[in-house]
Amino acid sequence: MTRSASRIFPATVAAIERLTPHFARVTFTSPELADVGVGGPDQRIKVIFPLPGAQSSELPAGEDWYAQWRRLPDGRRNPMRTYTIRHADPVSRRLVVDFVAHGDSGPASRWITHAAPGQTLLVVAPDAGSGVPSGGYEWNPGRATTLLIAGDETAAPAICAIIESLDDHAQGAAFIEVPQAEDVLPITAPPGIELTWLFRDTRHSAGHGELVTEAVQEWADAWMVAQTAKRGRDIDDALLNPGTDVLWEVPPRPGDDGLYAWLAGEAGAITGLRRHLVHDLGIARSRIAFMGYWKLGRAEN
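Per the working numbering, residue 1 is the first one in the sequence shown, and the count goes up by one each step.
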């Protein structure tokens, strides 16, 4: 019988580091975590949180656990959210995940606010021993010569992991929107990557994604002007229908040169950015990966 590409791992909290007012780093441990696979720097996993009043999380048993979980009534269905692996070490059997904390605004944020060593969660992650490609990651720049990486705080862990994976010759820009200046994470970009942190509290009533949208549009406009001056525009044949509500799209193949953009965060803001790059600037869709990690007013699961 073929093993599934992913499986459910028990994960016990070994340590919690409060990185900033809105970010916490959790190190999980368990013998099973030696088998967690990582396909790319933005490798996604599912974290299953305990129900209110419970000390650990649970999932239905069997291969069809997800279908069973979906059928459970709200009061019995453990909250499930998507996160990025920050670091996985099969030797020490540890898994590191950075969480965004917004007080008691939701089950995930509430858990990280009150989490303590010894608590146990369940994690759905790639099974390195399955021999089956797991997917769950999108970073694939190919031979792109210029990189554009952008997102809000929910994408910050993935962006930081991507930046850490770049070689010293990488060129481009990265933009990360966070609630305040104290939320800057410890990350050093290669010399050719201009990393800009954007703080919502510096502008009164700034909407979520507004600052990163403006920054990316300004950078992309300037980049396009420079490219036009060099060799003319690379017009994509297919234009985005402005009425299409697409939340996730990644290139079917890596770009061979030029720009590669990786955009993630609130779905409305990211969709707007993609529309600007493709429709307004004529950048080929094959050079843009965009992921709506979440949508204003809607829970993930």
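All C-beta atoms in this analysis are idealised placements derived from N, C-alpha and C, irrespective of residue type, glycine included.
List the whole-angstrom C-beta distance separating residue i from residue j, where the pair is believed to meet the contact cut-off of C-beta under 8 angstroms.
i, j, result
"Gly172", "Leu147", "3 angstroms"
"Thr27", "Arg94", "6 angstroms"
"Ile8", "Leu122", "6 angstroms"
"Ser6", "Pro126", "5 angstroms"
"His22", "Val100", "6 angstroms"
"Asp280", "Tyr137", "Going by Cβ atoms, the distance from Asp280 to Tyr137 rounds to 28 angstroms, so no, they are not a contact pair."
"Val36", "Ala128", "6 angstroms"
"Gly39", "Ser134", "6 angstroms"
What does the alpha-carbon distance come out to for the pair residue i and residue j?
i, j, result
"Asp245", "Pro31", "Confidence at Asp245 is low in this model, with a pLDDT of 48, below 50, so its placement is unreliable and the value that follows should be read with caution. Those two C-alpha atoms are separated by around 42 angstroms."
"Ile270", "Leu263", "6 angstroms"
"Ala144", "Ile176", "21 angstroms"
"Val184", "Trp197", "7 angstroms"
"Val13", "Gly258", "43 angstroms"
"Arg203", "Asp152", "16 angstroms"
"Lys46", "Ile149", "23 angstroms"
"Ser4", "Gln55", "28 angstroms"
"Trp139", "Val278", "19 angstroms"
"Trp304", "Ala229", "Because the chain in this structure spans residues 1 to 301, residue 304 falls outside the shown range and cannot be described."
"Gly142", "His276", "23 angstroms"
"Tyr66", "Ala161", "28 angstroms"
"Pro190", "Arg18", "26 angstroms"
"Asp168", "Thr188", "11 angstroms"
"Tyr83", "Arg44", "6 angstroms"
"Thr20", "Val178", "11 angstroms"
"Arg287", "Ala261", "6 angstroms"
"Gln217", "Asp201", "20 angstroms"
"Gly225", "Arg25", "In the sequence on display, residue 225 carries Val and not Gly. Using only the alpha carbons, I get a separation of about 40 angstroms."
Residue i CB to nearest chain D CB: under 9 angstroms?
i, result
"Arg86", "The question asks about chain D, but that chain is absent: this structure has only one protein chain."
Might you give, ordered along the chain, the residues of its own chain that have their beta carbon closer than 6 angstroms to the beta carbon of residue i, omitting 5 neighbours on each side?
i, result
"Pro60", "Gln68, Trp69"
"His208", "Glu266"
"Arg233", "The predicted position of Arg233 is uncertain, since its pLDDT is 46 and thus under 50; a value taken from the coordinates is nonetheless stated next. If we look at Arg233 and ignore the five residues flanking it on each side, its Cβ neighbours are Gly282."
"Phe199", "Gln180, Ala181"
"His102", "Ser109"
"Lys295", "Ala267"
"Ala15", "Thr27"
"Leu240", "With a pLDDT of only 38 at Leu240, under 50, the local geometry of the prediction cannot be trusted, and no value is derived from it."
Identify every residue that forms a DSSP beta bridge with residue i.
i, result
"Leu147", "Gly172, Tyr260"
"Gly106", "None; Gly106 has no bridge partner."
"Met80", "Ile48"
"His87", "Val96"
"Thr213", "According to DSSP, which records beta bridges pairwise, Thr213 is partnered with nothing at all."
"Pro133", "BP columns for Pro133 are empty, so no partner."
"Glu17", "Arg25"
"Ser56", "Thr120"
Output needed for residue i: all residues of its chain with C-beta closer than 7 angstroms, excluding positions within five of it in sequence on either side, in chain order.
i, result
"His87", "Val96"
"Pro303", "Residue 303 lies beyond the stretch modelled for the chain, which goes from 1 to 301, so this question has no answer here."
"Ala115", "Val13, Ile16, Val26"
With a CB to CB cut of under 8 angstroms and the five nearest residues on each side skipped, what residues in its chain are close to residue i?
i, result
"Phe49", "Ser57, Asn78, Pro79, Met80, Arg81, Pro107, Ala108, Trp111, Leu121"
"Glu194", "Gly172, Ala173, Ala174"
"Asp221", "Leu281"
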